[in-house]
Structure formats: C-alpha cells, structure tokens
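S.K.: Numbered by the working numbering, the letters in the sequence shown go through residues 1030 to 1931 in order. Ideal Cβ positions, reconstructed from N, Cα and C, are used throughout, including at glycine. First the structure, then my questions, so here it is.
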Amino acid sequence: MAQGKKLVIVESPTKMRSIQGYLGDDYEVLSSVGHIRDLADKKSIPADKKQAYGKYSIDIDNDFDPYYVESDRGKKTVTELKRALKGADELLLATDEDREGEAIAWHLLETLKPKVPVKRMVFHEITKDAIRAAVENTRELDLALVDAQETRRILDRLYGWDVSPVLWFKVQQGTSAGRVQSAATRLVVDRERERMAFVSASYWDIATLAAAEAGGSFSARLARVDGAALARGTDFDDTGSLRKAVVVLDEQAARELAAAIEAAGTASVASVEAKPGTRSPKPPFTTSTLQQEAGRKLSMSAKHAMSVAQRLYEKGFITYMRTDSTALGTQAVQAARAQAVQMYGDAAVPANPRTYRNNAKNAQEAHEAIRPTGETFRTPAEVGGELDRDEQRLYDLIWKRTMASQMSDAKYETTTVTLAVDAGGRRAEFTASGTVYTFKGFLEAYEEGRDEKRNESDAQDDQSLPVLSVGDVLTLSDVEPKGHATSPKPRYTEASLVKALEEKGIGRPSTFASIIDVIINRGYVVKRGQALIPSWLAFSVVRLLEQHFPDLVDYDFTAALEDDLDAIARGEQSRVAWLKEFYFGSDAHVGLRNIVDNLGEIDARALNSTPIGDVAVLRFGKYGPYLEVADPENPEGEPRRVNIPEDLAPDELTPAKAQELIDAPVAGDRVLGENPASGKLIIVKDGRFGPYVQEIDPPAEEEVDPETGEVREAAVETPAPKKRGAKKVAAPKPRTASLFKSMSVDEIDLDTALRLLELPREVGIDPESEQMITAQNGRYGPYLKKGTDSRTLSSEQQIFDITLEEALAVYAQPKYGARAASSALKEFDADPTSGKPIKLKDGRFGPYVTDGEVNATVPRGEDAMEITFERAVQLLADKRAKGPAPKRTARRTTTKKAPAKK
C-alpha cells in the first residue's frame, strides 16, 4: 500500500466495498469478516497454560482472565491486515457501534498492535455524507463496552460448560444450557404447561340479523337476559370457572330462547350511543419490533428478517438495524413529514413532530430507530430495481412505518346500538356496534399487525350501522343460537416470543434471532406453521434446571443479569467483582460454582417422566418420548411401551388421547406369509426407527401323544459344557429390511416384502470393468454401486426396475454432471480469497457453498436460503483452514505377546 494512506477496518466485505467507494483512493478499506479470535477450545490451550486455563479457557483464580486464540480464518485475515498496516499512517477501526462491534475493534487492536495512531470511527448509516462525517468525528475505543461484551462471553462460557454436562448425563447427550436460551425455552414450555392445565368451558349466545324499515341491516348478538349480562369467554378462568356472576346459557336454554325471539319477530331500539376516538401511530422500528412485524406481515423468521436487514444496511438503504431506540434525528423527522405531506396532503402531519419513549426493559438509546437513509427517503418504487424480493418487502415495511410514525392521529366514531326483545316474558337485549373513520391519518400509510388473542370469537365485527333512533322498531331474522368454548392462551410465534423476551428483559434485541434459532436447532422447539411447540426433551431440560438451577431460569434473575451487564457497559460496575459474585457467590447470591458442587443426587428417571392422568406415564428416553403402561395384572412386570406420533404436541396428549394410543391395534407384527424358499415367516413391524419387514422362524409344531391326546413338551437338548475361556457364539440375526418411504405397513404384501429382503439387487455385470452393479437403498436415498463408484437414482422404485442397459447409461454420464448443469440456488459476489464468484448449490448430501475451488457444506439446522455473502465467505474460509479431510486408514490391532515360559 502506498505511503500516507489510511487503513479502515470494517467487519463485512459488503460494507467494505460500499465504504471504499465513498472514501476514495486516500483510504484502503478492508474487512475482518467478523471476529478474528475467541475463547480457546480445550485442545488449543498450550500445555504450560493447561493448569490455569484448562477447564474453561478462563483463569477463574486470576480475575477471570480469558485465553483467546485466533481462528484459522482469523490468522489469514490478521496476516493480510498486518501487511496492509505496514504502509498506513493511521488506523481507523470502523466496526459497528455496539458491544459486539466494540469488542471486535479491541481484539483487532490487541492482535495487530499498530504503531500508527488509532481512531474509532462510528456511523449509523452507510451513505456518503454519513461516512465522511464519521471520518471527521472519530473517538477513542470505549473500554467499558469491551468489558461488558467480554463479561457476557465469559458468563456464557461458565454457564454453558458447567450446566450442560449435567444435562448430558441426566437427560440426553448433545443437550445444552445457556443463560438466555434456557430462559427462552422455559417461556415456551411454561406456555405449553398452561395449555395442558387449561380446562375449557362451554357457553352459548344468540346472533340475529336486524333490519330497519328505512333500509339497511346489521348483525347483533345477545348481550343480556332480564338485565343480567350474558357470559363471554373472558368471564371464565383457566380452570373453566366463572370469574363473576353472569348468565350462562347451555344449548337447550339457548335454543328455547332463540325460538321465543324468533316468534317475537321484532325488536325496539333501547339506546344509541356514539363515542369519538383517536388512534396514534406506532413508533419507528427497533430491532425487536422489526422482527415482530416481519414475522406477522411477511412471515419471516427473526433470523431471516435480521439477515435481510443486514443486507439493506450494508448496501446503504437503511440505518443500523441493531438498535433499541425509537428516536429519529431531526433530518429523518423532516424527511418523514415532507414525504407524508407530499403523498397525503398538509393534514397528514401534526403541527409538531412526534417524539417517542421506549418502554422496553433494559432499553439502550444508543442509535436512531431503523429508518431509510438519507436527507430524503427513497420510495420502494425508486429502489425496487436495486433490491431482491425480500429486501424490497422489508424496505417497504420500514419506509411505511417510518413515515407513519410522524403522521397525524386517525379519528373515528364508534356507535353502539342496544335492541330490546320481549321473548315470551323474558327481556332479551342485543347489541351491535360499528366504527366509522372520520379521518384516516397515519392509517393511510401503515397499520401494525396483531398477534393471535384468546376468545377472539367474542369480538363483534366492525360494520356500518344505519341511522337509528330510540324507539325504532326493527325486524329480526336469521335468529341462530351459537355454541362457544373458551380457548387457552395461544402458543408463541417467533414474533410474540420476541415481544415476550423484550418485555421481560431477557437477552438483547440483537440476540433474539440467534436465541430462537438455537432452541429450534437444539430440538427444544419445533415450528408448526407459525406456532412454536416445545418438545418433550424441552420439558425434561427445563424441569432439571428448575429443580437444580432455579435462579438460572428465573426470568427476573436473567433480566437482572442484563441490568448488571448494562451497568458494566456504562462503567458503573466492575467486571471482575461482578464475575466473582456470580461464580463464587456472596451473601446475596449462592454462586454458580456452589450450585454445581452441591447438586446432590438427581433422579434421572423421575426427571424424564410425566404422568398422563392415571392412564400412563410419558418417559423421555434415548430415542425420544414414549408411553409406559403398567400391566394391571402384573404391576411389577415389564411395562408395555407405546410410541407417540412425532407430530403430536404435548398439550394434545390428554389422558383420553393416551388411552386411544394404547388401545389402537398395533400396525406391526403382522404376518405377511411364508417365504417359499426357506419356509420362514415374513412379518412386518413398526419400529422406533420406522417400519420394516423381518424373516423369522415359524413356531415349533406341538407334538401330540397318540394314546393320551396330551401335548408333549418339546425335548430340550442339553448343551455341552463350555470350555473355559471359549467365546460365546452369537446367534444368527434374522434378515430385516426397511420399507421404502412410499410404502405403508398396512398395504405391503408378501411379494414386495420378499423383494426388499433380497436387496441389494444385482442388476448385472459391467462388461468393461467386469464388476457387478447393484441397486440398493441407503441413508441418502436409492443408488447404484459398482465397486467403490456409486450413483444416485431418482426414485426408490428404480431399485427394483432399473435394467443393466439403463444402469450403464447412468454410469456413462459424468458423475457430477447433473449437479454442474443445475442452476445455483443463490449467487454472491467474488470470494475475497479466491476472487471467484460464490454460489449456493443443492448437492447429494444437502446444500453447500462453493467458489469453484472449495466446497463447504451448510451446517445442519441453518436455512440454506438465509445464507448471506458474509456467512458464505466464512464457511469457505473455515473449510480452507481445515484443509482436506484425512484419509481413513484401517484400524490396526495389536496382539499382546505372551511371556516366555521359564
């Protein structure tokens, strides 16, 4: 690099290219591609450091000193940055202005050890004016923010590495605990527990259609009988009991009253009440509210929404997307108001600009709200050609919300009409309401979405009411009694869980997407549509934590940790003193180490058991959940096990449903017939890993004494005594074969079962190589095999049907020809290392990213379509650092040499 240039380091390659264009040739902008180093793994700690740092990569006895190592990718990045730094006369650390960004800047400083002046450059939007202003207004590194982030990292390592092993031994290998993920999992489990304990109550009401003489009809619902209020869903608690004194109609009473009302045929207007009202716009987006609205309106997961927002920010279309602030700068307020006036007229904005307060717990007012960039906001139509579909949709949402936040209140008038009916001596009162907006205000631009609420069937639909006066007589028709049942609290969606996490102060908004991603990938939560349903594994994990680590999943305690981390970030709390209290304890706090050291006995069986009424006990075992049913005639005997359908939610496993599963005929163990070649029986079974067929010996024939007619006992051959030290001869295993995915236990026949048992099928010999070609089914689907060369088949049926000629034609094609010809799922810019474009493809073993030289598999649990350019670069860099996979070698066995005889 030429002498006199300034080196600017950002996290993202996309951001790097944008900023380089704004700064010009006097600057060189490079990317760290995220973090360059982190806490070491145990195997990365040198031998002389093992004693101090060996357990956590943290020296807990020396002020919780962390031991950091550069990642393989980080080492290459550091080498490139050091090379660039040699010719620079100034270093500008331009990572994001939050704890994470400040920590990345500090790690760069500690690793690069620059000898030139260092400045911290921060900005909230990537526009030419903002970047130039950031260069002119630098600051020093905020070490308090660095301390807060380092404390968070150490805290998470101590929590995870101390608590997770307890889960491995008592619940299941591979499970984990985390400071925030465990509290979030408990939220979802607690909601399911509420649904499981919920007792539904039934109630009835009556609906009718009322028509005025002057014209115009509307629907009305029964509200009172003889002056007493009629029961609604909100009048019942979760046990099905009434909260207050109301009239509860059952079906018979509702039908009798409906008949009397229908016989009356008319109703008189008892009252007409009109009330004016106003609605105010919601504030502009924070990280949390953006994730919620993207989930409600665009059906985006929190992770996907943040990925799209990151792209919009790095391309310079929106301001920084990790923020708790609802404030807008003066320039943004003027831009929003000007655009609203231009589109909807002068009345669209109030006389004075709006300001908002953030009521979220632990809010940090560090930045502006999320908004379009620039002195004037570009409309979605103006930027459409520069954005992909998801970017367009999210930009449109942000643009509308920002403009609406500065617009005038909406004004409306709600009219409520009460109708009285003499129904066979009983006074029945119906109500109807209608809302008319007299001024739409901000609703012209945007209306916030809503989460599902309980008992929504009780709400009356907005409708247009005719002009009515007290005493008017209306004609009633379509009098219909309607039955209702109270509903439990709705399950969390990603949007409502984000809202709950923010309200309770659990985690930071910037981490909500990763929290939800973790609990889904760990198998604690599954998605059904938009709903989040906890697994039985989550119940076991949460139960263990509640019983033995109660503070660590306590919502208030978890939020208090965030308060303390915020205090460290503000410089009001000592990092070392706080960690000592958390880990070693104090008069006010037990301490994590004391909890772990004094756990006592944990009954794993009880921990993984949930009684389902008096019917059965749900157990969670090595292979998942199942029902355990005791034999009433032999309570001490081996209980029966009943599999649970994978798609059955915990709250759906009622005692009645459990009994239904127990009583259901077993689909497996059905005899299909006899194998004519061997005389053995062929049966089909439904096992824990799916349905399969098996060949078994037929039962021994009974021998009858011709003189007495008695059944003789089969002679038992006494085995010869075993020689001492002789190996036990393993009994031959019966032949088994899994059913194809297209087959069912109920429909499979003997011929198909026999063909399955004969797999792999010999297709024929390749005349060129003289090797046998076989067709078979495997972990990744059907395929052909010739020696060590395998080729994928397009369907399972081909295993039975493919001919030798067709198989040879498959082998005649290039092995990866089909893959090479297929179009990429996504295409990215050039990889910084190879300089070649990166593509996301779908291969035989799943999606992967490639630059044509290196292939990197997308990790299991990640949504391939949410992979960003930065993530693709990171995957490729990690794969390069690992190098080629080591070749498998045959395992060598050693024979112990016997000592020579004396």
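(1) Would you mind reading off the limits of the alpha helix (DSSP H) that contains Asp-1185?
(2) Since I believe Ser-1061 is in contact with Thr-1106 (beta carbons under 8 Å), could you give me their beta-carbon distance rounded to a whole number of angstroms?
(3) Under DSSP, the alpha helix (DSSP H) around Thr-1781 begins and ends at which residues?
(4) Taking the C-alpha atoms as reference points, what is the distance between Val-1195 and Leu-1786?
(5) Starting from Phe-1314, follow its DSSP beta bridges and name the residues at the other end.
(6) How many angstroms separate the CA atom of Ala-1260 from the CA atom of Thr-1124?
(7) To the nearest angstrom, how far is the alpha carbon of Arg-1764 from that of Leu-1574?
(8) On a CA-only basis, which of Gln-1576, Arg-1456 and Asp-1616 is nearest Gly-1629? Give me that one, please.
(9) Identify which residue in Ala-1461, Arg-1325, Met-1225 and Gly-1453 has its Cα closest to the Cα of Ser-1300.
(10) What three-state label does DSSP hand Pro-1861 in the structure shown?
(11) For Trp-1135, does the count of other Cβ atoms within 10 angstroms reach 16, so buried, or fall short, so exposed?
(12) Could you tell me the boundaries of the alpha helix (DSSP H) in which Thr-1108 lies?
(13) So, at 6 Å on beta carbons, what are the nonlocal neighbours of Ser-1246 in its own chain, with the 5 sequence-adjacent residues on each side left out?
(14) Give me the residue from Tyr-1373, Pro-1674 and Leu-1621 with the minimum Cα distance to Asp-1580.
(15) Per DSSP, what kind of secondary structure is Lys-1868 in: helix, strand or coil?
(16) Within the same chain, show all residues whose beta-carbon is closer than 6 Å to that of Ala-1081, passing over the 5 residues directly before and after it, in chain order.
(17) For Gln-1723, report the span of its beta strand (DSSP E) as first-last.
(18) With DSSP as the reference, label Val-1502 as helix, strand or coil.
(19) At what residues does the alpha helix (DSSP H) containing Asn-1627 begin and finish?
(20) Just the Cα atoms here: how many angstroms apart are Ala-1230 and Gly-1454?
(21) Classify Arg-1599 as buried or exposed, calling it buried when 16 or more other Cβ atoms lie within 10 Å of its own Cβ.
(22) Is Ala-1782 near Val-1722, with beta carbons less than 7 Å apart?
(23) Output needed for Ala-1506: all residues of its chain with C-beta closer than 6 Å, excluding positions within five of it in sequence on either side, in chain order.
(24) So for Gln-1023, helix, strand or coil by DSSP?
(25) Rounding to the nearest angstrom, what Cα-Cα distance links Phe-1611 and His-1618 in this structure?
(26) Which residue comes first and which comes last in the alpha helix (DSSP H) that contains Gly-1130?
(27) I'd like the span of the alpha helix (DSSP H) that includes Asn-1938, first residue to last.
(28) Leaving out the 5 sequence neighbours to the left and right, which residues in its chain are closer than 6 Å to Glu-1523 when beta-carbon positions are compared?
(29) Residues bridged to Phe-1468 by DSSP?
(30) Have a look at Lys-1429, Arg-1422 and Thr-1315 and flag the residue whose alpha-carbon is nearest the alpha-carbon of Ile-1399.
(31) Considering only the beta carbon of each residue, do Gln-1800 and Leu-1788 sit closer than 7 Å?
(32) Write down every uninterrupted run of the beta strand (DSSP E) in the region 1667 to 1719 whose length is 3 residues or greater and which is fully enclosed by it, in chain order.
(33) What three-state label does DSSP hand Glu-1119 in the structure shown?
(34) Buried or exposed: which applies to Arg-1551, given that a residue is buried once 16 or more other Cβ atoms fall within 10 Å of its Cβ?
(35) Apply the 10 Å Cβ neighbour rule to Lys-1072 and answer buried if 16 or more other Cβ atoms are within range, or exposed otherwise.
(36) I'd like to confirm the pairing. Which residues does DSSP put opposite Asn-1884 in its beta bridges?
M.R.: So, from the data block:
(1) Walking along the sequence shown from the start, residue 1185 turns up at place 156. Segment 1172 to 1199, the alpha helix (DSSP H) holding Asp-1185.
(2) Here residue 1106 is taken as the residue at index 77 of the sequence shown, counted from 1. Here residue 1061 is taken as the residue at index 32 of the sequence shown, counted from 1. Thr-1106 to Ser-1061, Cβ: 6 Å. Contact.
(3) Taking the sequence shown and counting its residues from 1, one reaches residue 1781 at position 752. Residues 1779 to 1786.
(4) As a position in the sequence shown, residue 1195 is number 166, starting the count at 1. As a position in the sequence shown, residue 1786 is number 757, starting the count at 1. Going by the C-alpha atoms only, they are around 43 Å apart.
(5) To locate residue 1314, count along the sequence shown from 1; it is residue 285. Note: Phe-1314 sits in a beta bridge opposite Ile-1399.
(6) Against the sequence shown, residue 1260 aligns to sequence position 231. Against the sequence shown, residue 1124 aligns to sequence position 95. Cα-Cα distance, rounded: 58 Å.
(7) As a working note, residue 1764 is residue 735 in the sequence shown. As a working note, residue 1574 is residue 545 in the sequence shown. Answer to the nearest angstrom: the Cα atoms are 44 Å apart.
(8) Here residue 1629 is taken as the residue at index 600 of the sequence shown, counted from 1. Cα-wise, what sits closest to Gly-1629 is Gln-1576.
(9) Translated into the one-based positions of the sequence shown, residue 1300 becomes position 271. Nearest of Ala-1461, Arg-1325, Met-1225 and Gly-1453 to Ser-1300, Cα basis: Ala-1461.
(10) In the sequence shown, counting from the first residue as 1, residue 1861 sits at position 832. Three-state DSSP puts Pro-1861 in coil, outside helix and strand.
(11) Translated into the one-based positions of the sequence shown, residue 1135 becomes position 106. When all chains shown are included, Trp-1135 counts as buried.
(12) In the sequence shown, residue 1108 corresponds to position 79, counting from 1. 1101 to 1114 is the extent of the alpha helix (DSSP H) around Thr-1108.
(13) As a first step, residue 1246 must be located in the sequence shown, where it is residue number 217. Here the set comprises Leu-1238 and Ala-1240.
(14) For this step, residue 1580 is matched to residue 551 along the sequence shown. Answer by Cα proximity: Leu-1621.
(15) By 1-based counting over the sequence shown, the position of residue 1868 is 839. Here Lys-1868 sits in strand by DSSP.
(16) Start at 1 with the first residue of the sequence shown, and residue 1081 comes out as number 52. Hits under 6 Å: Asp-1088.
(17) On the sequence shown, position 694 is the one that residue 1723 refers to. Segment 1719 to 1725, the beta strand (DSSP E) holding Gln-1723.
(18) Counted from its first residue, the sequence shown places residue 1502 at position 473. Strand at Val-1502.
(19) Taking the sequence shown and counting its residues from 1, one reaches residue 1627 at position 598. Careful: Asn-1627 lies outside any alpha helix (DSSP H) and carries neither H nor E.
(20) Sequence index remark: in the sequence shown, residue 1230 carries index 201 (1-based). Sequence index remark: in the sequence shown, residue 1454 carries index 425 (1-based). In a straight line, the C-alpha of Ala-1230 is about 29 Å away from that of Gly-1454.
(21) On the sequence shown, residue 1599 is found 570 positions in, with the first residue counted as 1. By the neighbour-count rule (16 or more Cβ atoms within 10 Å), Arg-1599 is not buried but exposed.
(22) For the purposes of this step, residue 1782 is taken as residue 753 along the sequence shown, with counting starting at 1. For the purposes of this step, residue 1722 is taken as residue 693 along the sequence shown, with counting starting at 1. Going by C-beta atoms, Ala-1782 is nearer than 7 Å to Val-1722.
(23) Here residue 1506 refers to the residue found at position 477 when the sequence shown is read from its first residue. Note that residue 1506 corresponds to Ser in the displayed sequence, not to Ala. Around Ser-1506: Leu-1238.
(24) Outside the displayed span of the chain (1030 to 1931) sits residue 1023, for which this structure offers no information.
(25) Position 582 of the sequence shown, counted from the first residue, corresponds to residue 1611. Position 589 of the sequence shown, counted from the first residue, corresponds to residue 1618. About 7 Å.
(26) In the sequence shown, counting from the first residue as 1, residue 1130 sits at position 101. From DSSP, the alpha helix (DSSP H) with Gly-1130 extends over 1128 to 1141.
(27) With the chain running from 1030 to 1931 in the structure shown, residue 1938 is simply not present.
(28) Position 494 of the sequence shown, counting from 1, holds the residue named residue 1523. Taken in chain order, the residues that qualify are Gly-1324, Ser-1330, Ala-1331 and Ile-1545.
(29) Stepping through the sequence shown from its first residue, residue 1468 is reached at position 439. DSSP output for Phe-1468 lists Lys-1440 as bridge partner(s).
(30) As a first step, residue 1399 is located in the sequence shown; it is residue number 370 there, counting from the start. It is Thr-1315 whose Cα lies nearest to the Cα of Ile-1399.
(31) Residue 1800 sits at position 771 when you count from the first residue of the sequence shown. Residue 1788 sits at position 759 when you count from the first residue of the sequence shown. No, the Cβ-Cβ distance between Gln-1800 and Leu-1788 is not below 7 Å.
(32) 1669 to 1672, 1699 to 1703 and 1710 to 1716
(33) Counted from its first residue, the sequence shown places residue 1119 at position 90. Of the three classes helix, strand and coil, the one that applies to Glu-1119 here is strand, per DSSP.
(34) Position 522 of the sequence shown, counting from 1, holds the residue named residue 1551. Counting Cβ neighbours within 10 Å, Arg-1551 comes out buried, since at least 16 surround it.
(35) In the sequence shown, residue 1072 corresponds to position 43, counting from 1. Flag for Lys-1072 reads exposed.
(36) Residue mapping note: residue 1884 aligns to position 855 of the sequence shown, counting from 1. Partner(s): Thr-1879.
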